[in-house]
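Trainee: Chains as they are written, first to last, in the working numbering: chain A, 31 to 463; chain B, 637 to 932; chain C, 1067 to 1366.
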Amino acid sequence: MKKLRALIFSLISVFLLVGVVGCSSGDSSKEASGDGKDEKVEIRFTWWGDTKRHELYNAIVDRFEEKYPNIKVKREFGGWPEYWEKLTTQIAGGNAPDVVSMHQFYVADYARRNALLELSDYVKENTINQGEFPESVVNSGKVDDKLYMIAQGVTMPGLVYNKKLFDELGVEYPKQGWTYDDFTAKVKELKSKGIWGVQDFSGGQLQPNFRYFARSNGQDLFTKEGKLGFKKETLVKWWTMWDELRKAEAIPDAATGTEYESAPLEQNLFVTGKTAIHQIPANQLYLYQQQFPDGELAMVTMPTVDGGEQGEYIEGAYLSITQKSKHPKEAALFINFFVNEEKALELFKVEQGSPGSTKMADFVKPLLEPAQTKAVEFIQSAVKNASPAPYSPAGVTELEAAFKDSASAISFGKMSVEEAADKFMKQAESILK
Amino acid sequence: MQTFKKAWRRNAVAYMFLSPWLIGLLGLSLIPMVTSLYLSFTNYDMFTSPVWTGMENYTQMFEDSKYLASIKVTTIYVMLSVPLQLMFALGVALLLNRGLRGLKFYRAVYYVPSLFGGSVAVALLWRQLFGGEGLINRGLALFGIEGTNWISSPDTALYTLVILAVWQFGAPMVIFLAGLKQVPLELYEAARIDGAGKFKQFFKITLPMISPIVLFNLIMQIIHAFQAFTPAYIVSGGEGGPLDSTLFYTLYLYQKAFTHFDMGYAAAMAWILLIAIAIITAIIFGTSKKWVFYQE
Amino acid sequence: METSKAVIQTNNIDIVKTEVKKSKVKLSIILTHIIIIAVGIIMLYPLLWMVSSSFKDNLDIFKGTSFFPKEIIFDNYIKGWNGISGYTFATFFKNSLFICTMAIIGNVISCSMAAYAFSRLDFAFKKVLFAIMLITLMLPFHVTVIPQYIMFNKLEWINTFLPLTLPKFLATEGFFIFLMVQFMRTIPLELEEAAKMDGCGPIRIYWKLILPLSLPALITTMIFTFIWTWNDFFSQLLYLSDIKLHTVAVGLRMFVDSMGESSWGSLFAMSTVSLIPLFAVFIFFQKYLIEGITAGGVKG
């Protein structure tokens, strides 16, 4: 009896304590978020990146605050992997920042689960001005025909190579608009000169490599309805192409490839000089060039299937507003400042890709380093070929894991191409049901 | 009446000492735990409300080949890393306990790897050591042996992570050291007079005297190893590859929750893990009566 | 008193023995040192590599073939220390130190109290509560993080140090409770009986007898609390959004972006600097680890 009383006593004190703390703070929050019009509004903006980008974006935000003294922007930032875990937790916890950096890979997961705000109203009333954005760029921010993201910077994947190395080896440069047959021939030629042609891109992420192949075959990763958009034969063709290169030892063996997969840029196969060609998003050309102080890097388009279609579609970095934002209007103002004002863009330059607005892209051009200019030119010429790409359905991350698993099963020699493709198609069916 | 009053006072005093912990338990720890238990019976993508699905998550698990792979990986890891790490920690602790010059310095040196924790530098370092062109292979090449890519071959990747765990043995070592400090020196003196050798001293005095500490380290390291996440996360870039060979239980759980937006499933996985660890802990506690000696 | 005498005596015996088998013992001691040093170099390799890299420029770190820097540069330290947007690492160090200090105080007080109850007192539901304490350690962090975040958000603790410090005063780290329980259970019961004879109540026994005698456990708790809190990167990132509140662990991660460019040089430079307090704490406290039993013995 008395034992119980002691227990109950401590229980009560706990609840009292929690209650008191909870209540007192609850009151203060109400006072803080008053509705007065002249009152200062506070929004929160979050992004991923490294110290240099943090420095840059902080400066851009400072300029925004200068222009709109009544809006205060709180900044939150971190590295790429933690960014998503933190953002997910914040959204789930009902405490998401107002403006968030978004990525194509995740946008479908966020938008379809009602975490993001539809932005078309703000574009209509011209709070966010997309007048200078090419249509394809505007469309790349849509999921299911609804606008969820505004492009900060667009980029295009391509293949990069070191001119100096090719000269030394006596290998001709790859040509713009080459085909997959040209590509495999080039890889084998490089092998005969004693260097691996390219890293094994048979697995890894679904896009861009396999996606370009599928699109060039007149298919895509997904259909508009969110079903699998390619046939098993396409997948078999893709993996067979890589398997042959692997068996010819023209690309690294599975273990070596895997070892370098998660290596930082400075340590990957291309930078360490083990492969001659590498697939990168064009905006990273500048970073790669820094790793090659002697020797000029050049970029070439992704290959196409002989007589097939162009694979190009738009990729990039985007800004979104979260569904539960208390100040969506101010958040929209902020996004507009970020993508349309010279004051912002002269700092941004091509930090996360060529600016979405063509006007701004032209504005930043004179400010760039040679490697950055080259990247912008590459992106702008490739954007012209871009056609829309359906957004990934929910479950895409699981699908990608299955894709990766099957591809490594082939490369490690645990499965034949046919078996692996069968397995993948089966998994895809159950994931995308 | 008298005994009743006494008992009440005894309890009141004990609960007074326990009160910070009890408040923390009820106010901070229990709510998230119970919530996760509830979520384990739901379909919860974290952005929309959870939907009750009963046992579905739990039944689904045993048809999930990746889940089963993660159990296998984790079991091997626990069975290898825990005993190896503890033996290493105890051995070094004995060596660095007393009677050598420069002990303080040595101890600090041996603790260095544990200071790194899960820092990014560890991932780089592991590649430097166990990569295809790493130090290990360069060493082997001196003897004419051609090594493989240890961190990225499905057959060896997990074992490099076991070595990583053993390498970061600082925490149990310090605890062992603290335990060894509690052993009264008179006991050794008496044993020496009786003519007991070093080995006999170790088994008759040291081990029994620090057995509570051994129990502690054993249980905590088991819990820790079952929950191992950071090593695989940073070394394999969060993938658990190649071919799921380093797909630790918690790594898969993390992927399910934060990459695949299936928190319900992750919560169910967490509770299965909890039950498994609890059973193992209970078994160890059960046997501990035979080999752990308290001052009671 | 007795214990300290014993220490002196053992030392004497050691000296006598050494004299008798001088040469043989000497050889084995030298051999032990050699082994310890050899293994020690393996243990130290990462640290040495990191320190050496911190003096290299970004290209030299990965492209350079030599372990030693081509030329020693301090750029990384200067750039690194400057931190982000006017907030230098001085701010981050101050924040980390504050959080660590609070965590240490909290853990030592609250965990030792709980441990005392579990190891030395008899009360209702003891076994059940002890089991619950252990069970709280068994759930992976990833599934409790969201409910916890929601809870702290409701309490309006986000973007303050409270989620990182206050729970420590409520003994949420069962690891340390269990650790201290195990240590307290090795303290001879006779000592407590004697104190009871002298009329000491449980509170005085806790304060005057148990706490001093479990000094090694308390020191261990302090060391680990400091190191683990210092390195606990994710919860600091999650709960401290404002750059003013950022900690060293969060600041360090800012140098690396797995999607693009990383300032490895600055990362290594600041990691080296951030190891200094960890190292200092370890060396400072381990002194007490060594003296632990004698100090306790005298008081007993």
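No residue lacks a Cβ here, since even glycine has one placed at the ideal position from N, Cα and C.
Roughly how far, in whole angstroms, is the beta-carbon of glutamate 372(A) from the beta-carbon of valine 184(A), given that I think they are within contact range, below 8 Å?
Mentor: Actually they do not touch by this definition, with Cβ atoms about 18 Å apart.
Trainee: Are the C-beta of leucine 730(B) and some C-beta of chain A separated by less than 8 Å?
Mentor: no
Trainee: Give me the residue from Asn88(A), Asn370(A), Val103(A) with the minimum Cα distance to arginine 74(A).
Mentor: Val103(A)
Trainee: Can you check which of these residues, Leu776(B), Tyr890(B), Thr895(B), Gly767(B), is closest to glutamate 291(A) by C-alpha distance?
Mentor: Gly767(B)
Trainee: Roughly how many angstroms lie between the CA atoms of glutamate 61(A) and lysine 1220(C), to the nearest whole one?
Mentor: Reliability fails at glutamate 61(A), whose pLDDT of 38 lies under 50, so the model's placement of it is uncertain and the value that follows must be treated cautiously. One C-alpha to the other measures close to 15 Å.
Trainee: Is the beta carbon of alanine 412(A) closer than 8 Å to that of serine 788(B)?
Mentor: Against a cut-off of 8 Å, the Cβ pair of alanine 412(A) and serine 788(B) comes out as no contact.
Trainee: Of all the residues that make up the region 662 to 685 of chain B, which are near chain A by a beta-carbon distance shorter than 7 Å?
Mentor: So the close ones are Leu662, Gly663, Asp681, Met682, Phe683, Thr684.
Trainee: Specify whether the region 1269 to 1278 of chain C and the region 1335 to 1351 of chain C touch according to this definition: at least 3 beta carbon pairs, one from each stretch, less than 8 Å apart.
Mentor: no
Trainee: Tell me, to the nearest whole angstrom, how far the beta carbon of lysine 1353(C) is from that of threonine 1157(C); I am working on the premise that it is less than 8 Å.
Mentor: So it is not a contact: roughly 30 Å between Cβ atoms.
Trainee: Between asparagine 785(B) and the rest of its own chain, which residues show a CB-CB distance below 7 Å, the 5 nearest in sequence each way excluded?
Mentor: Gly767, Gly768
Trainee: Taking C-alpha atoms, which residue in Ala1260(C), Thr1313(C), Phe1334(C), Ser1332(C) lies nearest to aspartate 1298(C)?
Mentor: Checked all of Ala1260(C), Thr1313(C), Phe1334(C), Ser1332(C); the closest Cα to aspartate 1298(C) is Thr1313(C).
Trainee: At which residues does the beta strand (DSSP E) containing histidine 308(A) begin and terminate?
Mentor: 305 to 311 is the span of the beta strand (DSSP E), which, as asked, contains histidine 308(A).
Trainee: Find the residues of chain A that neighbour isoleucine 787(B), judging by a C-beta separation of less than 8 Å, and give them in chain order.
Mentor: Glu289
Trainee: Under 8 Å Cβ to Cβ from glutamate 263(A), same chain only, skipping five residues before and after it: list those, please.
Mentor: none
Trainee: Out of Val802(B), Leu843(B), His896(B), state which residue places its alpha-carbon closest to the alpha-carbon of valine 718(B).
Mentor: Val802(B)
Trainee: Smallest Cα separation from glycine 1240(C): which of Gly770(B), Leu813(B), Ile859(B)?
Mentor: Ile859(B)
Trainee: Chain C beta carbons: is any one of them nearer than 8 Å to that of glycine 123(A)?
Mentor: yes
Trainee: Taking one C-beta from the region 219 to 234 of chain A and one from the region 298 to 316 of chain A each time, how about it: are there three or more such pairs within less than 8 Å?
Mentor: Below 8 Å, enough C-beta pairs join the region 219 to 234 of chain A and the region 298 to 316 of chain A to call them touching: three or more.
Trainee: Do valine 335(A) and tyrosine 210(A) have their C-beta atoms closer together than 8 Å?
Mentor: yes
Trainee: Would you call phenylalanine 852(B) buried or exposed, if buried means 16 or more other Cβ atoms sit within 10 Å of its Cβ?
Mentor: buried
Trainee: Could you name each continuous alpha helix (DSSP H) segment of 4 residues or more that falls completely within the region 869 to 907 of chain B, going from the start of the chain to the end?
Mentor: 885 to 890
Trainee: Report yes if the C-beta distance between leucine 251(A) and glutamine 237(A) is below 8 Å; otherwise report no.
Mentor: yes
Trainee: Any C-beta of chain A within less than 9 Å: which residues of the region 1147 to 1166 of chain C qualify?
Mentor: Gly1149, Ile1150, Ser1151, Gly1152
Trainee: Using a Cβ-Cβ distance under 8 Å, would threonine 19(A) count as near chain C?
Mentor: Only positions 31 to 463 of chain A appear in the structure, and residue 19(A) is not among them; the question remains open.
Trainee: For asparagine 544(A), return the contacting residues in chain C, with the cut-off set at a CB-CB distance below 9 Å.
Mentor: The question about residue 544(A) has no answer, for chain A in this structure spans 31 to 463.
Trainee: Can you pull the chain A neighbours of valine 1091(C), defined as C-beta to C-beta under 8 Å?
Mentor: Going along chain A, no residue has its Cβ under 8 Å from valine 1091(C), so there is no contact; the nearest lies around 48 Å.
Trainee: Which residues mark the beginning and the end of the alpha helix (DSSP H) in which serine 672(B) is found?
Mentor: 666 to 675
Trainee: For valine 714(B), which of Glu692(B), Lys926(B), Ala861(B) has the nearest alpha-carbon?
Mentor: Ala861(B)
Trainee: Could you name the residues that DSSP lists as bridge partners for glutamate 345(A)?
Mentor: The secondary-structure analysis by DSSP pairs glutamate 345(A) across a beta bridge with Thr185(A).
Trainee: Count the other CB atoms within 10 Å of the CB of valine 1194(C); is the residue buried (16 or more) or exposed (fewer)?
Mentor: exposed
Trainee: Which bits of chain B does glutamine 1248(C) rub up against, with CB to CB less than 7 Å?
Mentor: Pro848, Ile849, Leu851, Phe852
Trainee: With a threshold of 16 other CB atoms inside 10 Å of the CB of serine 63(A), please say whether the residue is buried or exposed.
Mentor: Caution applies to serine 63(A), whose pLDDT of 41 falls short of 50 and renders its modelled position unreliable; the model cannot decide the point.
Trainee: Note down the Cα distance separating proline 668(B) from glutamine 1214(C), rounded to an integer number of angstroms.
Mentor: 6 Å
Trainee: I want to see whether chain A comes within less than 8 Å of serine 1328(C), judged by CB atoms only; does it?
Mentor: yes
Trainee: Anything in the region 887 to 902 of chain B with a Cβ closer than 7 Å to a Cβ of chain A? List those residues in chain order, please.
Mentor: Phe894, Thr895, His896, Phe897
Trainee: For threonine 1287(C), count the other beta carbons within 10 Å of its own beta carbon; 16 or more makes it buried, fewer makes it exposed. Which is it?
Mentor: buried
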